[in-house]
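J.: The structure that follows is given in the form of structure tokens.
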Amino acid sequence: MSRNAILLVIVVAAAVASFLLIGGRQTTDTPGRTTAESGYYLRDATIEGVDDQGRHIYSLRAERILQQAGEQSVILEQVDLEYALPDTEPWQLRAASGVIPAGGELIELRGDVTMEEQLMRGNPLTRISTPELAIDLLSHTATTSERVDIVRDNYSLSAIGLLADFQQQTLRLETEVNGRFLP
């Protein structure tokens, strides 16, 4: 191989390496966004939350966590959230996606949201399903204005809208409440 051919191969290799190293930082990871617009990016990570007294309140695990630096919001994918105030039973929440808006006082879950808790002694679990749910970390409540389905052992309820108070351990269905109870 001639000296010019070797030099050409080296220059092309350097150009490709530069493109991959520098140009790769500007790849689009989310439609319309580049990683340069993003803050941190985590895979299969857990965020632990505490209250103002330092007591553990929640563990949020997500397959993907992406901070939107300009908006100071956090995008979540495949969310698994355990929420438990001191001296209460934990709630297990799951969703396809979620957002923590700037300020970090809310966790907005979207896409096949489920919420489970053993509301009464013994088995089985109470399961609540809804398309979206907002968890307010300051008031310790979860709300939705969407359809809600509640299933437990021998009964099922459906309604439009829900207010779950984690501190008081109560559920309030808002409107169009229907139920089915089997013996």
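In my numbering, the protein residues as written are 2 to 184. Heads up, the beta-carbon is just placed ideally off N, CA and C, and yes, glycines get one too. For clarity, every value in this text was computed on a predicted model and none was experimentally measured.
Under the DSSP definition of a beta bridge, which residues are partnered with H57?
T.: On the sequence shown, residue 57 is found 56 positions in, with the first residue counted as 1. Answer is V51.
J.: Could you check where the beta strand (DSSP E) with A143 kicks off and where it finishes?
T.: Taking the first residue of the sequence shown as 1, we reach residue 143 at position 142. Per DSSP, A143 belongs to the beta strand (DSSP E) from T142 to R153.
J.: Quick check on the DSSP output: what are the complete beta strand (DSSP E) runs of length 3 or more inside the stretch 60-86, in order along the chain?
T.: Taking only runs of at least 3 residues, the beta strand (DSSP E) segments lying wholly in the stretch 60-86 are 74-84.
J.: With a Cβ-Cβ cutoff of 9 Å, do G162 and T142 count as a contact?
T.: Locating residue 162 in the sequence shown gives position 161, where the first residue counts as 1. Locating residue 142 in the sequence shown gives position 141, where the first residue counts as 1. Contact: no.
J.: Over what stretch of residues does the beta strand (DSSP E) that includes E133 continue unbroken?
T.: Counted from its first residue, the sequence shown places residue 133 at position 132. T127 to D137 is the extent of the beta strand (DSSP E) around E133.
J.: Among residues of its own chain, excluding the 5 on either side of D166, which ones have a beta-carbon nearer than 6 Å to its beta-carbon?
T.: The count along the sequence shown starts at 1 and reaches residue 166 at position 165. Here the set comprises T142.
J.: Starting from the C-beta of E78, find all residues in its chain whose C-beta is less than 7 Å away, skip the five residues before and the five after it, and write them out in chain order.
T.: Reading the sequence shown from its first residue, position 77 is the one you call residue 78. So the qualifying residues of the chain are A63, E64, R65 and S98.
J.: Return the CA-CA distance between R148 and S159, expressed in angstroms with no decimal places.
T.: Taking the sequence shown and counting its residues from 1, one reaches residue 148 at position 147. Taking the sequence shown and counting its residues from 1, one reaches residue 159 at position 158. Their backbone Cα atoms lie some 7 Å apart in a straight line.
J.: Whose C-beta lies closer than 6 Å to the C-beta of Y156 among residues of the same chain, with five residues either side of it excluded?
T.: For this step, residue 156 is matched to residue 155 along the sequence shown. Excluding positions up to five away in sequence, the list reads F182.
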